[in-house]
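>
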Amino acid sequence: PPKILQAPLLSMIDSLALIGRETSIRLLDFARVNPPPQVCDALGLRATDLCDRAVRVRNNENGAPFAHYTSWTVPLGPVFCAENLRGSSRLELFRRLGLELSEVEQTLSAEAADGTLADQLELPLGAPLLLISRVTRDQRGRPFDYLRALYRPDRFSYHMRLNAKDLVVRGYR
């Protein structure tokens, strides 16, 4: 069986950089679009505002897909483009642009694979996926990026160690 990648919450930025170095990414689509309402709400945008949407699939060291990412990023200029996303991680591009990530808010949930996700992640239709929605804020506390990441649970796990003082839990549904 393939090695299961683990993403610890502690030193999350380092963990993301490590995953980026140990895996490969394929850019499926990059476009400037009007984001959906949930993204507008999270980023404080109007429905008419534009974002750069990137759709990518991440593969493990054996070339097997384990993650599907859709991200919406406020326009950051010409450095944040399809060509650079093919050769660099988003984190690397953020750093190149001088953006300091000061805060990340994540929501963990689950979702069933639709036809597109099943094809791209090589899964049966309806297979369970781990869903992580992430809003990233810059050094001034402004949200600039929304990520919707779907993971195959047989190829990825998410490990967290939290101190009670840092723990905020909100249950929905």
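Here our numbering = 1-based position in the sequence shown + 219.
Where is the CB? At the ideal position from N, CA and C, for every residue including glycine.
Because the structure is a prediction, the values reported are computed rather than measured.
Assign Asp268 to one of three DSSP states: helix, strand, or coil.
coil
> Would you kindly work out how many angstroms separate the C-alpha atoms of Leu264 and Pro343, rounded to a whole number?
Looking at the two C-alpha atoms, the distance is approximately 36 angstroms.
> Under 6 angstroms Cβ to Cβ from Arg367, same chain only, skipping five residues before and after it: list those, please.
Thr289, Ser352
> Go ahead and pull the three-state DSSP assignment for Pro227.
Since pLDDT at Pro227 reaches only 47, below the 50 mark, its modelled position is unreliable, and no value is offered.
> Go through the segment 281 to 347 residue by residue and report every complete run of the beta strand (DSSP E) that reaches 3 residues or more, in order.
List check, beta strand (DSSP E) in window: 284 to 292, 322 to 331.
> Could you tell me which residues DSSP puts in a beta bridge with Thr355?
Val323, Asp364
> So, is Leu229 buried or exposed, given that buried needs 16 or more other C-beta atoms within 10 angstroms?
In this prediction, Leu229 has a pLDDT of 42, which is less than 50 and means its spatial position is unreliable; nothing more can be read from the coordinates.
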